[in-house]
Amino acid sequence: MALKASALKVGDTHSERVVDNLSRTQIVQYAGSSGDYNPLHTDEIYTVQKAGYPSVFAHGMLTMGLTGKMLTNYVGDGRLTKFGVRFTNQVWPGDTLDASATVAAIREEGGVKLVDLTLSTVNQDGTEVMTGNATARIDP
Amino acid sequence: MAKITFPVEASHIMMFARSIGDTNPVYYDAEAAKKTEAGGIIAPPSFAQSVAQFNPDYFLRPKPGQPWFGSGKTASGVEGKASSSGGLHAEQHFEFHRHIGPGDVLTVETKPGASWEKESKRAGKLMFRESITEYRDQNGNLVITARSVGVTTERPVSQG
Chain A
46 MALKASALKV GDTHSERVVD NLSRTQIVQY AGSSGDYNPL HTDEIYTVQK AGYPSVFAHG
106 MLTMGLTGKM LTNYVGDGRL TKFGVRFTNQ VWPGDTLDAS ATVAAIREEG GVKLVDLTLS
166 TVNQDGTEVM TGNATARIDP
Chain B
2 MAKITFPVEA SHIMMFARSI GDTNPVYYDA EAAKKTEAGG IIAPPSFAQS VAQFNPDYFL
62 RPKPGQPWFG SGKTASGVEG KASSSGGLHA EQHFEFHRHI GPGDVLTVET KPGASWEKES
122 KRAGKLMFRE SITEYRDQNG NLVITARSVG VTTERPVSQG
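Residue numbers (the numbering used here), protein chains in the order written: chain A, 46 to 185; chain B, 2 to 161.
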């Protein structure tokens, strides 16, 4: 299952559709599992009338979790050593997100083969909602 | 900030995996997980942030007998100016020294990092605040290091 250094090259890309038509219910589900009950994510009345946004929007960490699913599917279970992201645009109910990982470098550190990946998650309009980087252990 | 004890539990991992739509059995099926390289159930990479569940004072969880800023009879249970756009999450970084699983009991400590300001067209003045969180296991070993950047905006982020 794990990636092999010998079979990878810089520029290789893996992408997945990580959510199709994001529901408010899934955002609620994420609030419950993460413990982040900020009403900006789950309370349409508060968010529209008090906070001034057009609707509730997803937790940044939900987008990170969705992107992480693509990442662990690609590199294998328990292989990540680093995963970092920057949230660049909000994710709204109804959004469809595609996440991708592109090989930036294949290297060795202390006898362990590693792959550095550049991450990008875009919505249905092609707007980038999250960028990031990850590193994973790979096989020789 | 006080240290938080974070017991990692199988049902919490299962619910977390469901909430991100991840059906990988390594997150809920002990038998299947045994046969994987992980050797047992592990948590998805961003699960560590769910330590919020174990922070008794976490400000984004309603608490009995205390006013809550979300809607009830009125659009907000807190009088006066709403916390405008409030705080948003700008960045999150994890470094994994080991992947955690059910049975781990983590001790989690968060320390403030740098803070800085930036002007933005879409939301006015932005105030960034960094925090560093260290997760140590029951043997005292550092298992996860997290760096989080939060941003407070002057006004709600304009769309389009």
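Where a beta carbon is used, it is the ideal one built from N, C-alpha and C, also for glycine. Since the model is a prediction, treat every value here as computed from it, not as a measurement.
Work out the CA separation of G110/A and G177/A for me, nearest whole Å. Taking the first residue of the first sequence as 1, we reach residue 177/A at position 132. Taking the first residue of the first sequence as 1, we reach residue 110/A at position 65. Spanning the two alpha carbons is a distance of roughly 12 Å.
Can you check DSSP and say which residues form a bridge with M143/A? As a working mapping, residue 143/A is identified with position 98 in the first sequence. What sits at residue 143/A in the sequence shown is Asp, not Met. Among the bridge pairs identified by DSSP, D143/A is matched with R62/A and V167/A.
Where the alpha helix (DSSP H) containing P20/A begins and where it ends: With chain A covering only 46 through 185, there is no way to say anything about residue 20/A.
What does S100/A reach in chain D if we use C-beta pairs closer than 8 Å? Of the protein chains in this structure, namely A and B, none is chain D.
So, are the CB atoms of V109/B and F17/B less than 8 Å apart? Counting from 1 along the second sequence, the entry for residue 109/B is found at position 108. Counting from 1 along the second sequence, the entry for residue 17/B is found at position 16. When the beta-carbon positions are compared, V109/B and F17/B stay at least 8 Å from each other.
Beta-bridge partners of Q93/B, as assigned by DSSP: One-based indexing of the second sequence puts residue 93/B at position 92. Bridge partners of Q93/B: V130/A and S149/B.
So, does the CB of P138/A fall closer than 8 Å to a CB anywhere in chain B? By one-based count along the first sequence, residue 138/A stands at place 93. P138/A is outside the set of residues whose beta carbon lies under 8 Å from a beta carbon in chain B.
Please name the residue or residues paired with Y136/B in a DSSP beta bridge. Counted from its first residue, the second sequence places residue 136/B at position 135. For Y136/B, which the question treats as bridged, DSSP gives the partners V109/B and I145/B.
D184/A vs K49/A beta-carbon contact at 8 Å: The residue labelled residue 184/A in the question sits at position 139 within the first sequence. The residue labelled residue 49/A in the question sits at position 4 within the first sequence. Cβ atoms of D184/A and K49/A: closer than 8 Å.
Continuous alpha helix (DSSP H) stretch holding V174/A: start and end: Working through the first sequence from its first residue, we reach residue 174/A at position 129. Note, V174/A: premise wrong, no alpha helix (DSSP H); beta strand (DSSP E) at E173 to R182.
Cβ separation of I42/B and P113/B, assumed to be a contact under 8 Å, to the nearest whole Å: Within the second sequence, residue 42/B is the residue found at index 41, counting from 1. Within the second sequence, residue 113/B is the residue found at index 112, counting from 1. About 33 Å; that fails the 8 Å criterion.
So, helix, strand or coil for V148/A, using DSSP? The residue labelled residue 148/A in the question sits at position 103 within the first sequence. Three-state result, V148/A: strand.
Give the interface partners of G125/B over in chain A, defined as CB-CB distance under 9 Å, in chain order. Mapped onto the second sequence, residue 125/B falls at position 124. Residues of chain A passing the Cβ test: none, with the nearest at roughly 12 Å.
I'd like to confirm the pairing. Which residues does DSSP put opposite G125/B in its beta bridges? Here residue 125/B refers to the residue found at position 124 of the second sequence. Its beta-bridge partners are S121/B.
Quickly, what does DSSP pair V157/A with across the bridge? List them, please. Working through the first sequence from its first residue, we reach residue 157/A at position 112. Looking at the DSSP output, V157/A sits in a beta bridge with E154/A.
Taking the alpha-carbon positions, what's the E38/B to G123/A distance? By one-based count along the second sequence, residue 38/B stands at place 37. By one-based count along the first sequence, residue 123/A stands at place 78. Taking C-alpha positions only, E38/B is separated from G123/A by approximately 8 Å.
Tell me the residue span of the beta strand (DSSP E) that contains T6/B. As a working mapping, residue 6/B is identified with position 5 in the second sequence. Secondary structure note for T6/B: its beta strand (DSSP E) is the uninterrupted segment I5 to P8.
Round the Cβ separation of T117/A and N25/B to the nearest angstrom and send it over; I've been treating them as touching at under 8 Å. Taking the first sequence and counting its residues from 1, one reaches residue 117/A at position 72. Taking the second sequence and counting its residues from 1, one reaches residue 25/B at position 24. Their Cβ separation, rounded to whole angstroms, is 7 Å, which keeps T117/A and N25/B in contact under 8 Å.
Does the CB of V27/B have a neighbour CB from chain A at under 8 Å? Against the second sequence, residue 27/B aligns to sequence position 26. With 8 Å as the cut-off, V27/B counts as an interface residue toward chain A.
Nearest chain A C-beta to A76/B closer than 8 Å, yes or no? In the second sequence, the residue the question calls residue 76/B occupies position 75. At a cut-off of 8 Å between beta carbons, A76/B contacts chain A.
Taking the C-alpha atoms as reference points, what is the distance between S86/B and V9/B? As a first step, residue 86/B is located in the second sequence; it is residue number 85 there, counting from the start. As a first step, residue 9/B is located in the second sequence; it is residue number 8 there, counting from the start. Model confidence at S86/B stands at a pLDDT of 46, short of 50, so the residue's coordinates are unreliable and nothing is read from them.
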